[in-house]
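Notes follow the structure.
Residue numbers (the UniProt record's numbering): 1 to 211.
See the structure below:
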């Protein structure tokens, strides 16, 4: 779909074969599909000589998914709206423990739940910075209730830090602190566990787009 939406703007519409090599868990709330779409748009913008700017690519991207624009820009951002209104922010690089419960969460199922909180008050990044513990993920209680594997992972990580759900899940993560014995936490996790670090920018930032 990403290729099809860009093709009318191609100056050099050469043929291509797209192969995706997944290096992150699937169905885990990590934005894999959105990052694939963004990568396709960025690369084809060069190969097909479309000459589109980041802003134009992001406008195409939001038609494919609300999370695609942030992967187009490849920078840390505070997102509003459905995720398409971005304010870029500077964050310290940190390490995180990520658990991948052995289940696949249906985003459609979570959205269809009558108990899903839909009227949360709008907030700002400044308010979040002052009291991050006051904010959460409306999908988390539903995921914990409907998927026992998520509940188990959340309870496990909560022993060592503040466990959070990635989007609609199923991954659970917590920031690494000095008090943590990371090796032990990874070793005794009830499911697949990873140690990861945050980035200042995506590697795609080095794949230039038109300015």
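Glycine included, C-beta positions come from ideal geometry on N, C-alpha and C.
Straight-line Cα distance separating residue 127 from residue 79: 14 angstroms
Who does residue 192 pair with in a DSSP beta bridge? 100
From residue 60 to residue 46, what does the alpha carbon distance come to, in whole angstroms? 15 angstroms
Suppose the cutoff is 7 angstroms on Cβ atoms and the five residues either side in sequence are ignored; what does the same chain contact list for residue 57 look like? 41, 42, 45, 72 and 209
Does the pairing of the segment 113-130 with the segment 192-208 give three or more beta-carbon distances under 8 angstroms? no
Through-space distance from residue 54 to residue 14, alpha-carbon basis: 22 angstroms
Assuming the contact rule is C-beta atoms closer than 8 angstroms, residue 105 and residue 77 should be a hit. Round their C-beta distance to whole Å, please. Wrong, their Cβ atoms sit about 24 angstroms apart, outside the cutoff.
Could you check if residue 26 is buried or exposed, using at least 16 other CB atoms within 10 Å of its CB as the buried criterion? exposed
Neighbourhood of residue 84 by C-beta distance below 8 angstroms, restricted to the same chain and skipping five residues each side: 58, 62, 66 and 69
Would you call residue 123 buried or exposed, if buried means 16 or more other Cβ atoms sit within 10 Å of its Cβ? exposed
The beta strand (DSSP E) with residue 172 in it runs from where to where? 172-175
Residue 78 - partner residues in DSSP beta bridges: 87
Taking residue 51 as the reference, give the member of 204, 205 and 11 with the closest Cα. 11
What whole-angstrom Cβ distance do residue 147 and residue 170 have, given they're in contact under 8 angstroms? 7 angstroms
Residue 159 in three-state terms, based on DSSP: coil
Taking the alpha-carbon of residue 115 as reference, which of 95, 97, 9 and 138 has the nearest alpha-carbon? 138
Any idea if residue 149 is buried or exposed, counting beta-carbon neighbours within 10 angstroms, 16 or more meaning buried? buried
Which same chain residues end up closer than 6 angstroms to residue 103 when comparing Cβ atoms and leaving out the 5 residues on each side of it in sequence? 147, 149 and 170
Please report the straight-line C-alpha distance between residue 36 and residue 75, rounded to a whole angstrom. 16 angstroms
Distance, Cα to Cα, residue 151 vs residue 204? 34 angstroms
Determine the extent of the alpha helix (DSSP H) in which residue 45 is found, giving its start and end residues. 32-47
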